[in-house]
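If you read the sequence shown in this note's numbering, its first letter stands for residue 2, the second for the next number, and so on.
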Amino acid sequence: MLPTLFRSFTLFAELDDRELASIASVAKSRHYAKDDVIFHADEVGDVFCLISDGHVKVTMISPEGKEIILSMMGPGDFFGEMALLDDEPRSATVIATEPLDVMTIWRSDFLQILSDNFSITRKVLAELSKRLRAASNRIESLATMDVYGRLARFLLDLARDHGTTLENGYVAVTRPTHQSIANTIGTSRETVSRLIHGLIKQNLLMTEGKTLYLRKSAIDQFKAEG
2 MLPTLFRSFT LFAELDDREL ASIASVAKSR HYAKDDVIFH ADEVGDVFCL
52 ISDGHVKVTM ISPEGKEIIL SMMGPGDFFG EMALLDDEPR SATVIATEPL
102 DVMTIWRSDF LQILSDNFSI TRKVLAELSK RLRAASNRIE SLATMDVYGR
152 LARFLLDLAR DHGTTLENGY VAVTRPTHQS IANTIGTSRE TVSRLIHGLI
202 KQNLLMTEGK TLYLRKSAID QFKAEG
């Protein structure tokens with residue numbers, strides 16, 4: 002596998018060619034179809050994954066059998082590190098939401114990489130901290146915000162983490178399904194559809210194919226209300 006492929010991952014940005022070649026020598030490429038399960042919650046964790054193309058959802062099932070989406074991830078993101086670090090079973094299920102290509106690294110190789118490269122260890126810890134903060138914010142929003150507020154925060158996070166700012170001031174993101182949004186913010190698909198339809202009527206959002214466009218005024222408004 003070409004070492005230059007790994008230079009596109011922020012996680013490895015500070016490594017030299019020799020270090021990249023060492024990682025490339027132990028990584029394997031895997032392809033998944035849409036709706037394939039990469040791994041299930043409670044499985045033994047033995048592999049670390051980096052997304053080179055496509056998106057996944059990280060989910061768990063409530064006691065009532067309802068899917069709860071914890072996060073969405075795309076190119077450049079990584080997952081599967083927790084079980085490798087604490088030696089516990091997987092904490093969630095990861096599912097491909099579209100055709101997916103990932104680079105996988107086995108536990109022993111991953112731990113050796115962390116031991117040899119403090120810059121990578123630091124970035125992994127920073128990402129874990131970021132996810133913990135996101136989880137705390139989500140708990141807060143579920144406890145204190147109405148559905149509109151939770152949707153506004155979801156759209157803000159989506160624009161910040163996965164958006165592309167266009168010359169006309171819009172922020173473009175891959176459009177999640179209304180059901181996946183509902184499963185993330187704790188409401189029904191019908192409620193999400195109604196609220197998004199209202200935002201479109203206010204010219205705060207636009208949709209075209211698989212893309213959702215947020216106007217800058219919408220982002221400013223969501224920040225003010227949040």
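Note that CB positions come from ideal geometry on N, CA and C, so glycine has one too.
Secondary structure note for His32: its beta strand (DSSP E) is the uninterrupted segment 29-33.
Around the beta carbon of Gly199, fewer than 16 other beta carbons lie within 10 angstroms, which makes this residue exposed. When the beta-carbon positions are compared, His41 and Thr94 come within less than 8 Å of each other. Looking at the DSSP output, Lys58 bridges to Met73, Ile96.
The beta strand (DSSP E) runs of length 3 or more contained entirely in the region 100-184 are, from start to end of the chain, 101-107, 172-175. DSSP, read as helix, strand or coil, puts Leu21 in helix. Rounded to whole angstroms, the gap between the alpha carbons of Ala14 and Val193 is 38 Å. For Thr212, the enclosing beta strand (DSSP E) stretches over residues 212-215. Going by beta carbons, Gly187 and Arg132 fall outside the 8 Å limit. Looking at the backbone, the Cα of Arg134 and that of Arg91 are separated by about 20 Å.
Put simply, the region 58-66 does not touch the region 109-125. Fewer than three CB pairs are less than 8 Å apart.
In the displayed model, Thr208 falls within a strand according to three-state DSSP. In the DSSP secondary-structure assignment, Phe79 is bridged to Leu51.
Residue environment: Phe49 is assigned as buried (16 or more neighbouring CB atoms within 10 Å of its CB, all protein chains considered).
In this structure the region 211-223 lies against the region 168-177, because at least three pairs of beta carbons, one per stretch, are closer than 8 Å.
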